[in-house]
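Numbering (my numbering), first residue to last: 22 to 378. The C-beta atom is built at its ideal place from N, Cα and C for all residues, glycine as well. Keep in mind it's a predicted model, so treat the numbers as computed, not measured. Written out below as structure tokens is the structure these notes cover.
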């Protein structure tokens, strides 16, 4: 790194709320990043991710990464679950290193820049599977055990007996028993299992709205203590229990669980539901255990060597004491058009080139 790609911006983190570093609407940047990764456009993906990095939007960036691996890649690259979990641990190690006052300062750390560039490349080059279809429940009658009798298909009430604890809410035994039935060899039905994932998510939301919170016996997960008795952990108990039948699959499932726990809040289950879908697919569907994490190591290394070109381009939009930014009239409604124009410049530079000037 040098003065040409080091960000020296006078704006405070709060000034980037709703916007990327170059004042593009954050929602537009997130959309463009997602599309670029799915369409395997490496240069554009690196650019859009850098826009979020330079504005300190790491939480949003991780959510995009998690969504793509769980909804769009999943069985196309099973090992990606372990990879992302490891890379998040690496990110936390760097960010907690004590050298930074706040997260936004991480934008000038070369290890951080390379870490996210590598992740973006891995996601771009991973095989994409058909996106998981969201299972919609519809009306609240799905939460009346009498009304949804047609959904009860388990051959016995023994499927969940080994994971259900003494202080778990009794009204959740039938739903978790149904979920485990569809994970078992007696059913192996991905769609039906995912129905019960949605049931748990929506039932928890409904209970909280009605101020009738449904809690479980405490589970020891790496989340705040107030979230350790959420009903969602019952699903993960079931998944891990069934996953123990295959050591390789179990490692993948444990990685997904740890990723699910990252900065957990009440909104997390709904936001990261596709991690559960991914987990179900690992148990029920045929998993190709020979798929490598990537076959494009050489291409990725070239990207990492040239990542500074992206930040040099973004640096042109910084606000520093030596610029006349106070006199500029930036039309935020035209931000996306400006983004595309900048991408044309970035593409002309071509960070995939071996010519690293």
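DSSP-derived helix/strand/coil call for residue i
i	result
residue 320	helix
residue 46	strand
residue 109	helix
residue 180	coil
residue 40	strand
residue 245	coil
residue 27	coil
residue 341	coil
residue 214	helix
residue 191	helix
residue 59	helix
residue 313	coil
residue 308	coil
residue 75	helix
residue 80	helix
residue 330	helix
residue 122	coil
residue 235	coil
residue 52	helix
residue 287	coil
residue 99	coil
residue 226	helix
With 16 other Cβ atoms within 10 Å as the buried cut-off, status of residue i
i	result
residue 189	buried
residue 288	exposed
residue 201	buried
residue 290	buried
residue 264	buried
residue 350	With a pLDDT of only 44 at residue 350, under 50, the local geometry of the prediction cannot be trusted, and the value read off the model is given with reservation. Exposed: under 16 other Cβ atoms inside 10 Å.
residue 31	exposed
residue 354	Because residue 354 sits at a pLDDT of 43, beneath the cut-off of 50, its placement in the model cannot be relied upon, and the point is left open.
residue 71	buried
residue 80	exposed
residue 212	exposed
residue 38	exposed
residue 118	exposed
Min CB distance residue i to chain D below 7 Å
i	result
residue 102	The structure shown has no chain D; it contains just one protein chain.
First through last residue of the alpha helix (DSSP H) which encompasses residue i
i	result
residue 300	294-305
residue 279	268-281
residue 201	194-204
residue 173	Looking at the DSSP string, residue 173 is not in any alpha helix (DSSP H), and its letter there is neither H nor E.
residue 132	131-146
residue 258	253-264
Expected contact under 8 Å - CB spacing of residue i and residue j to nearest Å
i	j	result
residue 181	residue 156	That pair is no contact at about 20 Å.
residue 41	residue 50	5 Å
residue 74	residue 108	With 8 Å as the limit, residue 74 and residue 108 do not qualify as a contact, their Cβ atoms being about 14 Å apart.
residue 217	residue 199	6 Å
residue 207	residue 176	6 Å
residue 92	residue 152	5 Å
residue 224	residue 215	Wrong, their Cβ atoms sit about 15 Å apart, outside the cutoff.
residue 147	residue 97	6 Å
residue 308	residue 99	6 Å
Near the ligand PLP: residue i beta-carbon under 6 Å from a heavy atom
i	result
residue 221	Absence of the ligand PLP is noted for the structure shown, with no ligands found whatsoever.
Exercise for the section: Decide yes or no for the touch test of the stretch 132-148 against the stretch 311-330: beta carbon pairs closer than 8 Å, at least 3 of them. Expected result: Yes: at least three Cβ pairs fall under 8 Å.
Problem - Touch test, the stretch 328-339 against the stretch 250-265, Cβ-Cβ under 8 Å, three pairs minimum - result: With the cut-off at 8 Å, the stretch 328-339 and the stretch 250-265 do not touch.
Handout entry: Given 8 Å, three or more beta-carbon pairs between the stretch 80-99 and the stretch 294-312
Key = Flag = yes, the stretch 80-99 and the stretch 294-312 touch.
Problem - Sufficient close CB pairs (3 or more, under 8 Å) joining the stretch 312-319 to the stretch 267-285 - result: No, the stretch 312-319 does not touch the stretch 267-285.
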